[in-house]
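Beneath this line is the structure, given in C-alpha cells, with notes to follow.
Chains as they are written, first to last, in my numbering: chain F, 2 to 130; chain C, 2 to 130; chain U, 2 to 130; chain X, 2 to 130.
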C-alpha cells in the first residue's frame, strides 16, 4: 500500500548551488506522512490536540540526482513496519515529468505524550498507516 | 543605545541566486532581538515559561545590496519606541568586513499571554530594552 | 485583477508558539508571485535561465491573527503598480475556512541581470502581471 | 581528530512541539562541516568560486532527546573515512550545559564540478579533513 504526493519545489528551498538543499527532503517526507495520515482520515493537528505526538526517532536519505526549482517531485511512501512501538516508512522521490529517481529515504517514528514520554502507538495508527 | 550582533551567513540561507533569501533577514532580526534581551539579563525561553510571549505585530525590510555565503553580517538594533503596548525596533544590516549597508528594517512587537491575548508589556521589558 | 492561491500550513513552518513563524509569510508571498507569473504563462525558472532575475527591493507584513498548523491560507495578491523599474504587490492572507483576515503585506520587486545589475523590467512582465 | 562547534538553538528552528525540528539537525551538521573546513584553512565559499562543490550523497540522524530553544548544542564531528571519491563524517550532538547526548548522525559527501559531474575529491580535502 503506497501513498503518493506531488510537491512543487519552492524557490527558497534551493540553495547556492541552485538545487534543493538536502535538508529539505526531510520536510518533504514529513509532508508525505501528514498527507498519508489525512487520507486515512486522521488530522495530525487534531491528534496533537488529543495529546498524541508523533516524533521522528531516526531518519535518513540517499541522494541520486539533484532537484531544481521548477521541478515537481512525486514522493512515494510505504509503511514498511508498524508496531505499537514504532512505524517505519520508506520514501522514494521521483521527478514527476520523467519519473527519474532523485532520492530515497527511510524513517522510524514513535509516539509521545504531551510531556514527551514514549507511549504506545494508538491502534488506529498502527492499523491504518 | 544600540545593540550589535554579528551573524555569519549559513549556506542553506542562500537561494538559487546564491544570495541570502530575503525572508531570512527576518530571522536575523529575531536573533538580534533575542540577543539584545539576553544582554539585558532576560532569557526569552524563560519569559515564555513565565507566560510572557512576544509576537511580531508588523515587520518590514528594505534591501540595498545582496548578502552572500561567506559574508558576516553586523546587525545594529535600536529601540525606537517602547510603551506598555508595544516596542518598536529599527535594524541596520552591514557587511562586517567593509561596513557596506546591505539592508534596513523595522518591526513592532507586542506581548501576549499563553492564550494569545494581548497583555501589557512587562515594565522590565519596556525599561531595559 | 486579483490572484488567488491556497497554501496549507506545513508543520515545520510553525514555531515554539505553535503558530506559523512570521518570517514564513514572506515565503508564502513568493509562492503567490511565482504562481501568479505561471498563470500568466511565465515560468520563473525559465526566466532565470534567460537571465531575468526578480529581486525583492522591499517587503513588509502586518499580522492580525495567528495561523496554525492545520489551517489552509488563502492569499489574495494584487499588482498595485507596475513600471519598467518596479512592480508593487499587495497581499491579503485569509484563513480559508472562515475568511478571517490573518495578515496583510506589500512588496516591491525589481529586475536584475545575471550579474545583479538593475535592468528594465521586461515589457511582458509589466503588462501581464 | 575531532572537531567541535557550539550552536545556539534559534527560536524559528523549533516547531509546534517547542522542540528543534528534526530536519534542522542536518543544517547543524552542514555548519559543522563548513567550520571544520575553515579551521583547516579552507573557505567553502572560495572552493565554490574555484569550481569545487561538495554535495551530500547520503545523510542520516538518530534522535535520542529533544533540543529546545535556549539550549546550546555542542556538535562533535569526526572524519570516519576519506578517499578520492568520498568523505564520511560522524556527528554527535550534545546539550552543552550537561553533556547529555541528544542525537547522532553520519553523512557521506562527494565532490562535483560546476556542471554537477562527480570529480575526484581534491587532495587537500582528503588530507586535511
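Don't be surprised by glycine CBs; every beta carbon is placed ideally from N, CA and C.
The structure presented is a predicted model; accordingly, all values stated were derived computationally and were not measured.
- Within the segment 10–25 of chain F, those residues whose Cβ lies closer than 7 Å to any Cβ of chain C are, in chain order, 12, 13, 15, 16, 17, 19, 22 and 24.
- Against chain X, a Cβ distance below 7 Å from residue 70 of chain U picks out 17.
- Under the DSSP assignment, residue 64 of chain C falls in the beta strand (DSSP E) whose first and last residues are 54–64.
- Shown here, residue 46 of chain C sits in a helix according to DSSP, grouped into three states.
- Beta-bridge partners assigned by DSSP to residue 3 of chain X: X:79.
- Counting the other CB atoms within 10 Å of its CB gives residue 24 of chain X a total of 16 or more, which places it among the buried residues.
- Residue 36 of chain U and residue 60 of chain U do not touch by the CB rule: their CB atoms are close to 17 Å apart, not below 8 Å.
- One alpha carbon belongs to residue 98 of chain C, the other to residue 9 of chain C, and they sit about 12 Å apart.
- For the pair residue 89 of chain C and residue 13 of chain F, the CB atoms are not nearer than the 9 Å cut-off.
- Against chain C, the CB of residue 35 of chain X has a partner CB under 9 Å away; the residue lies at that interface.
- Going by DSSP, residue 29 of chain U is part of no beta strand (DSSP E) but of the alpha helix (DSSP H) stretching over 25–40.
- At a C-beta separation below 9 Å, residue 64 of chain X has these neighbours in chain F: 56, 57, 58, 59 and 60.
- Taken atom to atom, the span from the alpha-carbon of residue 114 of chain U to that of residue 54 of chain U is near 6 Å.
- Spatial neighbours of residue 109 of chain C in its own chain (CB-CB distance under 6 Å, excluding positions within 5 residues in sequence) are listed in chain order as 58, 59, 87 and 89.
- According to DSSP, residue pairing for residue 122 of chain C in a beta bridge does not occur.
- Excluding the 5 residues flanking it on each side, residue 72 of chain X has same chain C-beta neighbours closer than 6 Å at 10 and 96, in chain order.
- Going by C-alpha positions, residue 65 of chain F is about 5 Å away from residue 104 of chain F.
- In this model, residue 118 of chain C and residue 52 of chain C are separated by some 11 Å (Cα to Cα).
- Nearest to residue 31 of chain X by alpha-carbon distance, out of X:62, X:116 and X:2, is X:62.
- Contact of residue 46 of chain U with chain F is assigned, a C-beta pair being separated by under 9 Å.
- Straight through space, the alpha carbons of residue 21 of chain F and residue 70 of chain F are spaced by roughly 7 Å.
- Here the alpha carbon of residue 120 of chain U sits roughly 14 Å from the alpha carbon of residue 48 of chain U.
- When Cβ-Cβ separations below 9 Å define contact, residue 74 of chain X makes no contact with chain C.
- For residue 84 of chain U, the CB contacts under 8 Å within the same chain, skipping 5 residues up- and downstream, are 122 and 127 in chain order.
- With its beta carbon less than 9 Å from one in chain F, residue 28 of chain U belongs to the interface.
- Only those residues of the segment 93–121 of chain X whose C-beta falls short of 7 Å from the nearest C-beta of chain F are listed: 117.
- The beta carbon of residue 40 of chain C sits no closer than 9 Å to any beta carbon of chain X.
- Distance from the Cα of residue 18 of chain C is smallest, within the candidate group C:74, C:67 and C:102, for C:67.
- A Cβ-Cβ separation of about 14 Å leaves residue 33 of chain F out of contact with residue 81 of chain F under the 8 Å criterion.
- In the same chain as residue 56 of chain C, and ignoring 5 residues on each side of it, the C-beta atoms closer than 7 Å to its own belong to 110, 111 and 113, in chain order.
- Of the candidates X:50, X:125, X:74 and X:116, the residue whose Cα lies closest to the Cα of residue 29 of chain X is X:74.
- Distance check between residue 40 of chain U and each of U:27, U:26 and U:2 places U:2 closest, using alpha-carbon atoms only.
- For the C-beta of residue 31 of chain X, the chain C residues within less than 9 Å are, from N- to C-terminus, 11, 12 and 13.
- In its chain, beyond the 5 residues on either side, 37 and 78 have a beta carbon closer than 6 Å to the beta carbon of residue 4 of chain C.
- For residue 67 of chain F, the chain X residues whose C-beta falls within less than 7 Å of its own C-beta are 117, listed in chain order.
- Per the coordinates, the alpha-carbon of residue 106 of chain U lies some 44 Å from the alpha-carbon of residue 124 of chain F.
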